[in-house]
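Visitor: Pasting a structure below so you can have a look.
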Amino acid sequence: MALQNQQGLRHATETTSVADLLERILDKGIVISGDIKIKLVDIELLSLEIRLVICSVDKAVELGLDWWKGNSAYQITDNHGVAAEVTNQSLGLQQQLKQIDDRLARLENNTIGSD
Numbered sequence: 001m002a003l004q005n006q007q008g009l010r011h012a013t014e015t016t017s018v019a020d021l022l023e024r025i026l027d028k029g030i031v032i033s034g035d036i037k038i039k040l041v042d043i044e045l046l047s048l049e050i051r052l053v054i055c056s057v058d059k060a061v062e063l064g065l066d067w068w069k070g071n072s073a074y075q076i077t078d079n080h081g082v083a084a085e086v087t088n089q090s091l092g093l094q095q096q097l098k099q100i101d102d103r104l105a106r107l108e109n110n111t112i113g114s115d
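Those letters in the sequence shown? Residues 1 to 115, per UniProt numbering, in order.
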């Protein structure tokens, strides 16, 4: 009977690998929090509040923890200091111009073909 319990316990630890554990933590998320207070004769000298959230970016966005989106310090810039937002707008305008050019080309082909 003791042998069966040891095998069952050994089997349970073998099924969880580090990769599985990391995937589960990133998928579900984990929060570690703690408070450290140093007092001397009822005078608080130091107070630290620590909150650590470990999760995937998708889970963070789902939880509303997307602080990097509005922070200019985390915006990607090119060599001239142009923000990534402006670059994205430029790419959007380029796509719209390409669509207009394609439509014009189709219209020209239709009018040439009908002549």
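The beta carbon of each residue, even a glycine, is placed where N, CA and C say it ideally should be.
Would you kindly work out how many angstroms separate the C-alpha atoms of W67 and V53, rounded to a whole number?
Guide: So the alpha carbons of these two residues sit roughly 13 Å apart.
Visitor: Mind checking which residues open and close the beta strand (DSSP E) that includes D35?
Guide: Unbroken beta strand (DSSP E) run through D35: 30 to 40.
Visitor: Measuring straight from C-alpha to C-alpha, what distance separates M1 and V31?
Guide: With a pLDDT of only 49 at M1, under the threshold of 50, the placement of this residue in the model should not be trusted; the figure read from the coordinates follows. Their backbone Cα atoms lie some 39 Å apart in a straight line.
Visitor: Does DSSP classify L65 as helix, strand or coil?
Guide: If DSSP states are grouped into helix, strand and coil, L65 belongs with coil.
Visitor: Would you kindly check if the distance between the Cβ of L45 and the Cβ of L39 is under 8 Å?
Guide: One point to set straight first is that residue 39 is Lys, not Leu, in the sequence displayed. Their beta carbons are under 8 Å apart, which means K39 touches L45 by this criterion.
Visitor: Would you check if there are 3 or more beta carbon pairs closer than 8 Å linking the region 88 to 106 to the region 54 to 73?
Guide: Not touching, per the Cβ criterion.
Visitor: Alpha carbon to alpha carbon, how far is K98 from C55? Give it in angstroms, no decimals.
Guide: Rounded to whole angstroms, C55 to K98 spans 39 Å at the Cα level.
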